[in-house]
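FYI, in the working numbering the residues of the sequence shown are 92 to 189. Below: the structure, in structure tokens.
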Amino acid sequence: PPQKLEGHSLVPLLRRPSAPWPHPALTTFHRNDHTIRTERWRYIRYANGDEELYDCAADPHEWANLAAKPEHRETVAKLRRQLPKVNAAAAPERPPAR
92 PPQKLEGHSL VPLLRRPSAP WPHPALTTFH RNDHTIRTER WRYIRYANGD
142 EELYDCAADP HEWANLAAKP EHRETVAKLR RQLPKVNAAA APERPPAR
């Protein structure tokens, strides 16, 4: 793969699905809207800067947004550092609100 791409190759995981995988899952939906999912947390950052954090172990339906809680500041910062540094120019813009 090109060295300019961020992220981790999935080849080791595809070859050995039971192998340890320390990397979170990253989903991008429109430009600058990202979700990071670890075994415990789901962190969402929107293009407008809004953030959400859910403890998926304690809150599997994601009802309680913990992002603004002081006790979760370190978790938010850690997950935020894992966001992509560059967004693909080809990623679609979010459609205007209706």
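Glycine included, every Cβ here is placed at the ideal spot set by N, Cα and C. Given the structure is predicted, the values throughout are model-derived calculations rather than measurements.
Checklist entry - Tell me the DSSP bridge mates of Arg131? => result For the purposes of this step, residue 131 is taken as the residue at position 40 of the sequence shown. According to DSSP, Arg131 bridges with nothing at all.
Next on the checklist: At the level of alpha carbons, what is the spacing between Trp154 and Pro175?
Outcome noted: As a position in the sequence shown, residue 154 is number 63, starting the count at 1. As a position in the sequence shown, residue 175 is number 84, starting the count at 1. A direct Cα-Cα distance of roughly 26 Å separates Trp154 from Pro175.
Next on the checklist: Just to check my reading of the structure: Arg128 and Ala116 have Cβ atoms closer than 8 Å, yes? What is that Cβ distance to the nearest angstrom?
Outcome noted: By one-based count along the sequence shown, residue 128 stands at place 37. By one-based count along the sequence shown, residue 116 stands at place 25. Right, the Cβ-Cβ distance comes to about 4 Å (below 8 Å), so this counts as a contact.
Next on the checklist: Looking at chain C, is there any beta carbon in it that lies within less than 9 Å of the beta carbon of Leu117?
Outcome noted: Protein chains in the displayed structure number just one, and chain C is not present.
Next on the checklist: Let's test the definition: count the other Cβ atoms within 10 Å of the Cβ of His99 and tell me whether it reaches 16, buried, or not, exposed.
Outcome noted: As a working note, residue 99 is residue 8 in the sequence shown. With fewer than 16 other beta carbons inside 10 angstroms of its own, His99 counts as exposed.
Next on the checklist: If contacts are defined as beta-carbon pairs under 8 Å, then Glu142 and Val167 qualify, I think. What distance do you get, rounded to the angstrom?
Outcome noted: Here residue 142 corresponds to residue number 51 of the sequence shown, with the count starting at 1. Here residue 167 corresponds to residue number 76 of the sequence shown, with the count starting at 1. Indeed, because the Cβ distance is near 6 Å, the residues count as touching under 8 Å.
Checklist entry - Going by other Cβ atoms of all chains shown within 10 Å of its Cβ, with 16 needed for buried, is Leu105 buried or exposed? => result The count along the sequence shown starts at 1 and reaches residue 105 at position 14. If you draw a 10 Å sphere on the C-beta of Leu105, you find fewer than 16 other C-beta atoms in it, and that means exposed.
Item to check | Endpoints, the alpha helix (DSSP H) within which Ala116 is located | outcome: To locate residue 116, count along the sequence shown from 1; it is residue 25. Here Ala116 belongs to no alpha helix (DSSP H); instead the beta strand (DSSP E) covers 116-119.
Next on the checklist: Quick check: the Cα distance between Ala158 and Pro108, rounded to an integer number of angstroms?
Outcome noted: Numbered from 1 along the sequence shown, position 67 holds the residue referred to as residue 158. Numbered from 1 along the sequence shown, position 17 holds the residue referred to as residue 108. Each residue's alpha carbon lies about 32 Å from the other.
Next on the checklist: For Val102 and His114, I'd like the C-alpha separation in whole angstroms.
Outcome noted: Taking the sequence shown and counting its residues from 1, the one referred to as residue 102 is at position 11. Taking the sequence shown and counting its residues from 1, the one referred to as residue 114 is at position 23. Rounded to the nearest angstrom, the two C-alpha atoms are 13 Å apart.
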